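Protein sequences, first through last, are from chains A and Y. The numbering of the first sequence is the working numbering, which starts it at 1 and goes up by one. The numbering of the second sequence is the working numbering, which starts it at 1001 and goes up by one.
There are 2 protein chains.
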Amino acid sequence: MKTIILCGGKGTRLWPLSREHLPKQFIKIFDNKSLFQKSVERAKLFSDEDEIFIVTNNNYKFMVLNELKEISTNIPEKNILLEPSGKNTLPAIYLGIKAIKKIYGDCNVQVLPSDHVIDANNPYVEAFKTGENLANQGLVTFGITPTTSHIGYGYIGIGKAGKSTKEGNEGSHKLFKVNDFKEKPDLETAKKYVREGYLWNSGMFIFNTKIFTETVRDMTPKIYNAFESSDDLAEIYKKIPEISVDYGIIEKSKNVFVVPLNTPWNDLGSFDAIYEIYDKDENENARFGEYISINASKNLVITKRLTALVGVENLAVIDSWDALLIARRGETQKVKEIFKILKDKGDERAITDKTSYRPWGQYTVLEDGERYKIKHIVVLPKKRLSLQMHYHRSEHWIVVKGMAKIVVDGKEMFLRNGESTFIPSGFTHRLENPGKVLLEIMEVQIGEYLKEDDIERFEDDFGREKKKD
Amino acid sequence: MKTIILCGGKGTRLWPLSREHLPKQFIKIFDNKSLFQKSVERAKLFSDEDEIFIVTNNNYKFMVLNELKEISTNIPEKNILLEPSGKNTLPAIYLGIKAIKKIYGDCNVQVLPSDHVIDANNPYVEAFKTGENLANQGLVTFGITPTTSHIGYGYIGIGKAGKSTKEGNEGSHKLFKVNDFKEKPDLETAKKYVREGYLWNSGMFIFNTKIFTETVRDMTPKIYNAFESSDDLAEIYKKIPEISVDYGIIEKSKNVFVVPLNTPWNDLGSFDAIYEIYDKDENENARFGEYISINASKNLVITKRLTALVGVENLAVIDSWDALLIARRGETQKVKEIFKILKDKGDERAITDKTSYRPWGQYTVLEDGERYKIKHIVVLPKKRLSLQMHYHRSEHWIVVKGMAKIVVDGKEMFLRNGESTFIPSGFTHRLENPGKVLLEIMEVQIGEYLKEDDIERFEDDFGREKKKD
């Protein structure tokens, strides 16, 4: 089975952990792996690495590549499909299906969101096996057995057995055709759904490419026609509307199977959702990071520094290096309003944290002084920065890990761990990691003007010579 | 009039703003001046700089010197009196009075705490003038007109006019002899005190040295005898008990005047006190630092980074670089328990923040990596660090401000802004600021062992040659 991982989601509801350029699929809150990395590992249960396709966009491409490298997964770069703009899930899936069909012909494809939490446990594996067996008969979706009357999820109605529902048995899973889909309900309705055996709509699917394409052709011809009449993505994406796979085909088709899946699942749609699923201490506090408290209970604390709570309850305390959020639990969906306030006034802290991601690696600003700036730069193995020059600042580079190959004013040299060099303003220079491990350097910039736009590039970020504008 | 500024108080109740080595008199929360600096400026209303004496201890000496320099005050270093240990206010004042008497003979001395907030407005100046005129007749204390029935302050009873109280008129101030002193009362008692015209005990005094010394001799002979029988401070402080000036003489003497002072005053004894006195926005939030909120009210926010509040009220949110406190307002006195927990387990964050103060200036750790450490070092004009050597680390120094004179392996050189040098492990080196402005350098340490104890010093911090142990 092939895989499409949907990895284009923006991060607004988990600010300040997530940012526009660091959406929730890439953040590592709870252990050393991101939700995206975990979705890749789930994909590998059913697909070889070169059968996994990732649909994302140009902003996230290098983060995807870095995160794949971190978990030693070598998905080919050509399998990373870049949408020109976000148009919701149906176009993203169509883009993946079209690419897969072109290589493999018609086949079965599992579609996995990259920003949900689910364990790849035995029930999960069994459900996906069942789904794969059904994929030649119709569209397959997965319905999670509800544990609460959640009002933040969509529900799948499987009808009553033996009535409008075709029921069967395959392996250990009961199989149902879908009866109806319900949007996020109010609490009373949610309770009714849970009583009546509805399932949570998980956003995971298995599609046969042929059935999928034909269904889109019949149900949402605008999408089908746009994708089938051109290979120019920019042109296609200009034509098509934003539309979800649920609204576009799943809710309209009469030929949809739902495989029930009784396992913990969470869409991490807000900090309230995070509090719900994670372990609590004896005072019902869910804690990530260093923490002490006196008489504090029912709090969610995610912190990068020592956090002390005194006499408070029902708070979500989310601490990042450059921003701090304190919200009443139950009102954390309003975090997206905070995000919007920042975004609307052009505040950079809506977009990125102190770390910026680049094709060659990343850098973090440690201190931003009046006439100096300190950066921690990490260069990926075999990557190099563009040949460049600054008019207003000189730079000191000190290697703190790995080995650097540098060119300063045309002269090439190697710097080992502990060695340093000085680049006066006006000198061309290039930094490269020739090695097989990460290169880390401290850069101390000194000058009267230290903004990122004091740079004359002679190559692009891929090392290709660049014409001056 | 001479001045004694009491500057030995420890900071435990305003953690994480204050630390054991950074007590509240030195923190700059609200504007660019510390409470200590403001107390020096009040002192200067009545004293020349060389008439001001500061009683503190060795831990704070260099912070005192730095802060005096910041406000361009040249109190002679000999006027900074160092207590071997903290024994509460009476010994501290005796130490100051004894030093003043030795130089000036008998005279009047104002005693000012360095950790209270009070405006040096007209009523303040008038009250101190009145107090100075009274000082030859008895001990003079200042009583603040209460604005609330505060249960955190001591109260001074001035009795009813014409009864046990001698009343007079001097300038615009009514004068009263003190009737009685009351410790921190419960709320009902506090209300009664306020109704009956009691005043808050401000901790400010004016003493004639002769009357003060005789009163101590009569009321607390242990203190008098210890100080008068020796000039060896270590010996004196070993003998004497901890005792406050209130308990030791003021509450016992029958000859105490109280000058009423109707002006805003606050002892900043907790974050609740800070909330009380500072300006609030339309939602009754008191805010220091960058802040946005949705539906948040009655909070105190003191922050170093952007802080977003959603749907919370009555919180004290105190954010420092390495620790974060969130306490329910009304319970902030429990912060000292947090401090104690940290202190008891030897957590450095009870003692210092990321900045350490030294005789020659200060340094701040910017990043502490596995095999590297980045420090921002500030060297005061005309100061130098000891000649030293490290076995396990090499150091890079980059001058980001000012001019450095350095000696590496016996060779002397000057480094200007933007220049750098490298000190291999095993090389002796010394850093000096020969200039008249601050020297700032970035130090990047690289090595397998980066703790502060990898240091071989050949001189002490005052540049005196040191014998090896």
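Just so you know, even glycine gets a beta-carbon here, dropped at the ideal spot from N, CA and C. Computed from a prediction, not measured in an experiment: that's the story for all the values here.
Within chain A, partners of residue i - CB distance below 9 Å
i, result
"T1307 of chain Y", "A323, L324, L325, I326"
"H1429 of chain Y", "Residues of chain A passing the Cβ test: none, with the nearest at roughly 16 Å."
"I1223 of chain Y", "Near I1223 of chain Y there are no residues of chain A at all, since even the closest Cβ is about 37 Å away, more than 9 Å."
"K1401 of chain Y", "G369, E370, R371, Y372"
Cα-Cα separation between residue i and residue j, rounded to whole angstroms
i, j, result
"A316 of chain A", "W1015 of chain Y", "21 Å"
"T1056 of chain Y", "G1086 of chain Y", "9 Å"
"E432 of chain A", "A404 of chain A", "6 Å"
"P1185 of chain Y", "L1385 of chain Y", "51 Å"
"M389 of chain A", "G369 of chain A", "21 Å"
"D453 of chain A", "G1009 of chain Y", "49 Å"
"N1283 of chain Y", "H1376 of chain Y", "39 Å"
"K192 of chain A", "S149 of chain A", "8 Å"
"K1163 of chain Y", "V1194 of chain Y", "Its pLDDT being 33, under 50, K1163 of chain Y is placed unreliably in this model, and the coordinates cannot settle the point."
"G1269 of chain Y", "Y1224 of chain Y", "30 Å"
"V1399 of chain Y", "H396 of chain A", "11 Å"
"L1380 of chain Y", "S72 of chain A", "50 Å"
"K1340 of chain Y", "I1236 of chain Y", "29 Å"
"K354 of chain A", "G11 of chain A", "16 Å"
"D218 of chain A", "K129 of chain A", "28 Å"
"K1436 of chain Y", "Y1363 of chain Y", "19 Å"
"W265 of chain A", "F36 of chain A", "15 Å"
Backbone secondary structure at residue i - three-state DSSP
i, result
"R1457 of chain Y", "strand"
"D1344 of chain Y", "helix"
"I97 of chain A", "helix"
"N1433 of chain Y", "coil"
"Y372 of chain A", "strand"
"D50 of chain A", "helix"
"T141 of chain A", "strand"
"V194 of chain A", "helix"
"L1325 of chain Y", "strand"
"L387 of chain A", "coil"
"K354 of chain A", "coil"
"S164 of chain A", "Reliability of the predicted coordinates at S164 of chain A is poor, the pLDDT of 32 falling under 50, and the value obtained from them is presented with this limitation in mind. Residue state, collapsed to three classes: coil."
"N66 of chain A", "helix"
"I75 of chain A", "coil"
"S39 of chain A", "helix"
"K334 of chain A", "helix"
Per-residue contacts from residue i into chain Y (C-beta, under 9 Å)
i, result
"S270 of chain A", "Within chain Y, no residue comes near S270 of chain A; the closest Cβ sits about 11 Å away, beyond 9 Å."
"S47 of chain A", "Result: empty, since nearest Cβ-Cβ is about 36 Å, beyond 9 Å."
"L315 of chain A", "V1312, L1315, I1326"
Integer Cβ distance of residue i from residue j, believed to fall under 8 Å
i, j, result
"T1307 of chain Y", "D1319 of chain Y", "6 Å"
"L1233 of chain Y", "P1146 of chain Y", "About 38 Å separates the two Cβ atoms, so there is no contact after all."
"K222 of chain A", "I249 of chain A", "Rounded, the Cβ-Cβ distance is 12 Å, inconsistent with contact."
"N1201 of chain Y", "G1157 of chain Y", "No, N1201 of chain Y and G1157 of chain Y are not in contact; Cβ-Cβ is about 10 Å, not under 8 Å."
"F207 of chain A", "A135 of chain A", "7 Å"
"N295 of chain A", "G311 of chain A", "5 Å"
"F458 of chain A", "L387 of chain A", "4 Å"
Beta-carbon neighbours of residue i, restricted to chain A and to distances below 7 Å
i, result
"D1319 of chain Y", "L324"
"I1398 of chain Y", "H396, V444"
"V1335 of chain Y", "V310"
Within chain A, partners of residue i - CB distance below 8 Å
i, result
"I1292 of chain Y", "I338, I341, L342"
"L1366 of chain Y", "L366, E367, I374"
Within chain Y, the residues that residue i reaches when beta carbons sit closer than 8 Å
i, result
"N417 of chain A", "R1371, I1446"
"K451 of chain A", "Within chain Y, no residue comes near K451 of chain A; the closest Cβ sits about 17 Å away, beyond 8 Å."
"R349 of chain A", "L1306"
8 Å Cβ cutoff met for residue i and residue j
i, j, result
"F1257 of chain Y", "F1205 of chain Y", "no"
"I1211 of chain Y", "L1139 of chain Y", "yes"
"I1005 of chain Y", "S1114 of chain Y", "yes"
"M1 of chain A", "E132 of chain A", "yes"
"T209 of chain A", "I100 of chain A", "yes"
"P359 of chain A", "F62 of chain A", "yes"
"L438 of chain A", "K401 of chain A", "yes"
"V40 of chain A", "L68 of chain A", "yes"
Chain Y residues whose Cβ lies nearer than 7 Å to that of residue i
i, result
"F422 of chain A", "S1420"
**Request:** For the stretch 1221-1250 of chain Y, enumerate the residues whose C-beta is nearer than 7 Å to any C-beta of chain B, in chain order.
**Result:** In the structure shown, chain B cannot be found, because the protein chains are A and Y.
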